[in-house]
Amino acid sequence: MRATVSRTIVIMGVAGSGKSTVGRLLAQQLGWRFIEGDDFHSPEAKQMMAGGIPLAEHLRESWVQALCSELSTCKLAKQPCVLSYSGLIARHRQQIRSSADNAHFFYLHGDATLLAQRLAQRQNHFMPAAMLQSQLLTMQSCDNENDITILDITLPAAKLVQQITQFLAA
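When the letters of the sequence shown are read in order and numbered with the working numbering, they come out as residues 1196 to 1365.
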């Protein structure tokens, strides 16, 4: 399936939700560019998170600005993309919307126990499992945001990608 209209798909969720896996698979299937949000964190931010310290607001803001800049570049080039990004803060989601091309968000949502199990199995990632509780507390409600579809992380990644592509085709 190829995009005929440039757009942005945002795969959001807390650590361990599978957003990078789903995002990569989706981008590959669509033939779209994949943007890994973690790649845009500063070394200082990664060091803080690796040490179990939640991001300071200025670091979170500069990270979102870097993502917005990348999304604006894609929009100008009419290059559809899939962004993997936590989406914890409603104001930041709005900034992403403003920079992206016709964005739709898919929130990978799941039980804290399952998320913790996934994080415990993850290797070679700067985000420790200890940061999960902080992310869950920081995640702001998306109840009033019409462009966010909630998906259940108990489903396999391939099934989540199938649900997203069916949504896009509808």
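We put the CB at the ideal spot given by N, CA and C, even for glycine. Predicted model only: the values in this text are computed from it and were never measured.
Alpha carbon of residue i to alpha carbon of residue j, nearest angstrom
i	j	result
I1348	K1273	30 angstroms
T1268	S1293	13 angstroms
A1245	E1239	10 angstroms
T1360	E1340	20 angstroms
A1338	Q1289	Residue identity differs from the one stated: residue 1338 is Asp in this sequence, not Ala. The straight-line gap from Cα to Cα measures roughly 14 angstroms.
L1346	Q1242	30 angstroms
H1236	L1262	9 angstroms
E1252	R1286	12 angstroms
Nearest neighbour of residue i, chosen from the options [CA to CA]
i	options	result
M1207	Q1290, S1281, A1311	S1281
I1284	A1364, V1209, L1363, V1356	V1209
R1255	Q1328, Q1312, T1308, T1333	T1333
L1350	L1250, L1363, Q1330, G1305	G1305
Q1358	L1221, M1326, V1259	L1221
S1257	I1291, L1225, S1336	I1291
S1279	G1226, R1219, A1364	R1219
T1230	I1204, V1277, K1214, Q1224	Per the sequence shown, residue 1230 should be read as Ile rather than Thr. That would be V1277, whose Cα lies nearest to the Cα of I1230.
T1344	Q1330, F1362, A1352	F1362
G1211	L1327, G1226, K1270, C1263	L1327
Buried or exposed (CB count within 10 angstroms, at least 16 for buried), residue i
i	result
K1354	exposed
P1275	buried
L1271	exposed
DSSP state of residue i mapped onto helix, strand, coil
i	result
M1244	helix
D1233	helix
V1205	strand
G1211	coil
K1354	helix
Sheet register partners of residue i (DSSP bridge)
i	result
A1251	The partner list for A1251 (beta bridge, DSSP) is empty, contrary to what the question assumes.
D1347	H1304
R1228	C1276
H1299	I1204
heavy atom of the ligand FAD below 6 angstroms from residue i C-beta
i	result
D1234	Ligands displayed in this structure: none; no statement on the ligand FAD is therefore possible.
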